[in-house]
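Student: This is the structure, below, for whatever I ask next.
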Ligand SMILES: Cc1cc2nc3c(=O)[nH]c(=O)nc-3n(C[C@H](O)[C@H](O)[C@H](O)COP(=O)(O)OP(=O)(O)OC[C@H]3O[C@@H](n4cnc5c(N)ncnc54)[C@H](O)[C@@H]3O)c2cc1C
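Residue numbers (the working numbering): 9 to 411.
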């Protein structure tokens with residue numbers, strides 16, 4: 009029987025598993041974590057990600073996933089508000105959403121389980137790939153109960169994130185982009201009259217704050233790479249003071265008052281990379297395993313699902329044939345990379361620009377920020393800038409599920 013192994017039930021793996029199992033293609037999904045309630049992994053779905061979800065045809069179930077629709081986006085420079093965008097007007101019928109990634113993944117997997125061709129190993133870790141005659145043939149898995157298992161398939165898909173075992177064992181060398189930033193995340197109670205998303209720039213730092221799906225406030229304190237050690241040594245009180253000093257006085261007061269209620273503190277080593285090739289005979293990578301996305305512009309989830317759509321477009325016809333030809337399969341997985349690089353490369357390039365301006369602590373950086381702040385107030389410039397940034401919202405290429 010022709011089957012696919014997918015390693016990793018993150019957005020890329022869970023999404024692709026569902027499309028394939030909906031089309032009756034045998035899929036084995038292997039996820040090392042027992043619960044999706046893992047570390048914070050991002051919750052902003054762009055219109056492109058929401059469109060991807062609609063292709064699954066399970067809107068009613070996805071509507072049950074906890075979410076928040078932000079109404080406004082505000083930008084501050086040196087504590088002063090420079091622009092406020094009404095997202096409902098700006099985005100119209102295609103909004104962006106903060107969602108619970110945990111609930112989203114549970115919903116996708118539950119839906120996969122409706123299909124008899126789907127098998128899920130939860131709490132099972134892929135330890136190595138099985139290779140024979142220059143081809144990946146399957147995986148060695150350590151199961152939840154401690155026993156070991158060999159599983160064979162025609163195709164092994166690594167949707168196993170930034171530390172992908174498929175990447176390592178197939179020698180898929182990453183090309184790393186220079187990301188000058190890291191982020192410290194935390195959650196705290198929401199200010200009563202808080203709405204939507206705010207970004208506070210100035211003095212070479214950036215604080216992002218948005219209302220979460222569970223009615224709290226998610227903070228992301230963007231720092232220069234390698235600054236975290238100093239920050240940790242100074243302690244939480246000093247960190248809160250830094251942030252409070254960086255924002256408007258009312259929000260600053262809120263941060264000080266709620267510092268004892270801060271939760272989910274999490275340091276993100278920001279990485280942006282892309283492997284030089286996405287496949288070898290019998291195996292391929294998608295999502296963060298192929299291209300770890302920088303957090304700029306909240307792209308990772310969306311791009312991961314769009315990788316899955318393109319993968320399905322190529323793989324379904326091959327797995328649906330009476331006879332599976334490995335030559336066709338290997339050619340198809342190469343094409344997936346070609347198609348996806350048309351989007352991934354330009355998006356990663358665009359993601360690299362804002363940190364260079366926002367985190368620049370020289371006079372030139374300050375000048376650049378002030379100039380942008382002045383320009384952005386002009387309605388014409390705001391409209392053009394909005395259009396140019398649409399790749400973050402709608403993606404760079406047109407992606408449709410065609411199978
Ligand atoms: C703190 C943070 C905030 C972010 N914010 C956003 C955001 O707001 N919007 C956005 O779009 N993106 C965001 N991102 C990026 C986004 O989370 C990732 O790009 C996205 O999760 C990638 O999806 P993926 O399925 O490729 O990989 P992952 O989500 O990393 O999933 C990989 C899965 O593989 C499993 N796995 C790994 N190795 C093995 C193995 N050997 N065996 C079995 N299973 C294995 C892991 O447990 C994991 O579940 C953020 C990322 C971080 C870290």
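Virtual Cβ for every residue (Gly too), placed ideally from N, Cα, C.
Where does residue 15 land, buried or exposed, given buried means 16+ other C-beta within 10 angstroms?
Tutor: buried
Student: Using the three-state DSSP reduction, which class does residue 333 fall into: helix, strand or coil?
Tutor: coil
Student: Assess contact between the segment 346-363 and the segment 375-384, defined as three or more Cβ pairs (one per stretch) separated by less than 8 Å. Is contact present?
Tutor: Judged by Cβ distances under 8 Å, the segment 346-363 makes no contact with the segment 375-384, as fewer than three pairs qualify.
Student: Which of the three DSSP states is assigned to residue 299 in this structure?
Tutor: coil
Student: Taking the continuous alpha helix (DSSP H) assigned at residue 146, which residues delimit it?
Tutor: Element bounds for residue 146: not the alpha helix (DSSP H) but the beta strand (DSSP E), 143-150.
Student: Report the partner residues of residue 225 according to the DSSP bridge assignment.
Tutor: 196 and 219
Student: Could I get the ranges of all uninterrupted alpha helix (DSSP H) runs contained in the segment 45-76, with 4 residues as the minimum, in chain order?
Tutor: 55-62 and 67-70
Student: Reducing DSSP to helix, strand and coil, say where residue 87 ends up.
Tutor: Residue 87 falls in the coil class under three-state DSSP.
Student: Looking at ligand 1, does it come within less than 8 Å of residue 399, judged from the CB to the closest heavy atom?
Tutor: no
Student: Please check the pair residue 219 and residue 76, which I expect to be a contact at CB under 8 Å, by giving their CB distance rounded to whole angstroms.
Tutor: 5 Å
Student: Could you tell me which residues DSSP pairs with residue 172 in its beta bridges?
Tutor: Residue 172 pairs with nothing; no bridge assigned.
Student: Near residue 86, which residues of its chain fall below 6 Å by C-beta distance, leaving aside the five closest residues on each side in sequence?
Tutor: 210
Student: What three-state label does DSSP hand residue 78 in the structure shown?
Tutor: Residue state for residue 78 is assigned as coil, using DSSP reduced to three classes.
Student: When DSSP labels each residue in this structure, what does residue 270 get in the three-state scheme?
Tutor: coil
Student: Are three or more beta carbon pairs between the segment 56-76 and the segment 105-113 nearer than 8 Å?
Tutor: A contact exists between the segment 56-76 and the segment 105-113.
Student: Count the CB pairs spanning the segment 299-316 and the segment 143-161 that are closer than 8 Å, and state whether there are at least three.
Tutor: no
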